[in-house]
Amino acid sequence: MHAARDPNRLIPRTSPRQPLSLPFPLTTLLLVLSVFKPSSLLPLLTHDRNAAMMSTLALHQASHPNPARLRVLALYKELHRLGRDYPDPGYNFHRKLRGLFEKNKDLKDEEEIEKAIKMGEYIRNETLALYSLRKYRHLKRMYPFDSLSELPFSRHDPTQNPASSSSHPNAGDNQNT
């Protein structure tokens, strides 16, 4: 069946004689498409000035990243990864994390941004400390202090512990009383 007569065809056929109307020469479009991504040019092709300005702003931000913004994104990613192992599932770590970052997204003052970053780094360090405490708590249960300390071994070592005296610091006090 011929494509022009197909009733199930969704895209209407345009006449090859119909000219393509662009607000700028075709060579300009080809040059711009070779430099930028086509998705970022969609607002320019639709003649929407606000969208075009937003697209230009996004391109500018991509070429000149703000160092504080990069630090915030890295901190968010790190905290998000740490939240996967948070011990209390009822705490909603990821929801609270996202809420805090969204609350501070409109900060403009560099001092306030730095203060918020320091607070996020503090939370990261505290979360890491919580994880290490949990890990070492498990190790302490597996290997009690007495089994790893040197004091029990020194009590039974004949080279360090002659029969007449003990190496225990309080052993001399017990003999005098």
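FYI, the UniProt record's numbering numbers position 20 of the sequence shown as 20, with every residue one higher than the one before it. Glycine included, every Cβ here is placed at the ideal spot set by N, Cα and C.
Cut-off 6 Å between Cβ atoms - residues of its own chain near residue i, not counting five sequence neighbours on either side
{"i": "Ala68", "result": "Ile113"}
{"i": "Asn104", "result": "Ala116"}
Endpoints, the alpha helix (DSSP H) within which residue i is located
{"i": "Gly99", "result": "93-103"}
{"i": "Lys77", "result": "67-83"}
{"i": "Leu128", "result": "110-142"}
Length of the line joining the Cα atoms of residue i and residue j
{"i": "Met119", "j": "Tyr76", "result": "12 Å"}
{"i": "Leu97", "j": "Ile123", "result": "10 Å"}
{"i": "Thr177", "j": "Leu139", "result": "Residue confidence is low: Thr177 scores 48 on pLDDT, short of 50, so the model does not pin down where it sits. No coordinate-derived value is stated."}
{"i": "Gly99", "j": "Gly90", "result": "16 Å"}
{"i": "Glu110", "j": "Asn66", "result": "11 Å"}
{"i": "Tyr143", "j": "Leu82", "result": "27 Å"}
{"i": "Glu121", "j": "Glu102", "result": "16 Å"}
{"i": "Pro87", "j": "Ser132", "result": "12 Å"}
Where residue i falls, given that 16 or more other Cβ within 10 Å makes a residue buried
{"i": "Leu128", "result": "exposed"}
{"i": "Lys135", "result": "exposed"}
Contact set for residue i: own chain, Cβ-Cβ below 8 Å, skip 5 residues either direction
{"i": "Arg71", "result": "Ile117"}
{"i": "Glu78", "result": "Arg124"}
Chain-order list of residues whose beta-carbon lies under 7 Å from that of residue i (same chain, five-residue window excluded)
{"i": "His80", "result": "His94, Leu97"}
{"i": "Leu107", "result": "Ile113, Ala116"}
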